[in-house]
């Protein structure tokens, strides 16, 4: 009967992931842009959860939080902009509505991009490089903690291992 191998459970490691954070003002697209081509090549829709950023890679998934009311929304970066000084992100009308900023027009936000939230390896690596440039002392999130599984020691009771006779070599 084969011997069962027991694995140690990984210790609880706090879920700390370096995150790209950008704080500033957000606005939302005018209806004039609905249907126009974005920098990613897709058509802009006010009815989708999308945004424009000057810094984040196209295709990135980011969480935008309204600093005034705490509401958050996840959007995909599909365009470049905003081109107004002091603004860090332009949102679709749907995203702006979810943040509760339609009446205000411009609000203070926190934009967070986590490498682990990205839809593909290329975007993960690009964001990891951006985070590494901001936080050079942190390890990238792609290096998971190592869990060691040990093989149990064989049962050697009743075996005489004190002798030096290992057999003869001829």
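Residue numbers (the working numbering): 25 to 194. Glycine included, every Cβ here is placed at the ideal spot set by N, Cα and C.
Going by DSSP, what residue range makes up the beta strand (DSSP E) through residue i?
i	result
residue 75	74-76
residue 21	Any answer about residue 21 is impossible in this case: the structure gives the chain only from 25 up to 194.
Ends of the alpha helix (DSSP H) at residue i?
i	result
residue 146	145-158
residue 116	Careful: residue 116 lies outside any alpha helix (DSSP H) and carries neither H nor E.
Where DSSP assigns a beta bridge to residue i, which residues make up the other side?
i	result
residue 52	115
residue 136	45 and 87
residue 67	61
residue 131	50
If we count the other Cβ atoms within 10 Å of its Cβ and call it buried at 16 or more, is residue i buried or exposed?
i	result
residue 151	buried
residue 186	Because the pLDDT at residue 186 is just 49, under 50, the model does not fix this residue reliably, and the point stays unresolved.
residue 103	buried
residue 54	exposed
residue 138	buried
residue 44	buried
residue 157	exposed
residue 160	exposed
residue 108	exposed
By Cβ distance, which residues of its chain are closer than 8 Å to residue i, with the 5 residues on each side in sequence left out?
i	result
residue 119	52, 73, 74, 75, 88, 97 and 99
residue 95	89, 122, 123 and 124
Which residues in the same chain have their Cβ closer than 7 Å to the Cβ of residue i, if we skip the five residues on either side of it in sequence?
i	result
residue 58	68, 69 and 70
residue 92	131 and 132
residue 111	48, 49, 50 and 51
Within its chain, find whatever has a CB closer than 6 Å to the CB of residue i; leave out the 5 residues flanking it on each side and keep chain order.
i	result
residue 47	134
residue 60	68
residue 81	147 and 150
residue 105	76 and 114
residue 136	43, 45 and 87
Please look up how many angstroms separate the CB atoms of residue i and residue j, rounded, as I've assumed it's under 8 Å.
i	j	result
residue 113	residue 63	Not really, about 14 Å apart at Cβ, beyond 8 Å.
residue 101	residue 116	That belief does not hold up - the Cβ atoms of residue 101 and residue 116 are roughly 11 Å apart, past 8 Å.
residue 143	residue 85	7 Å
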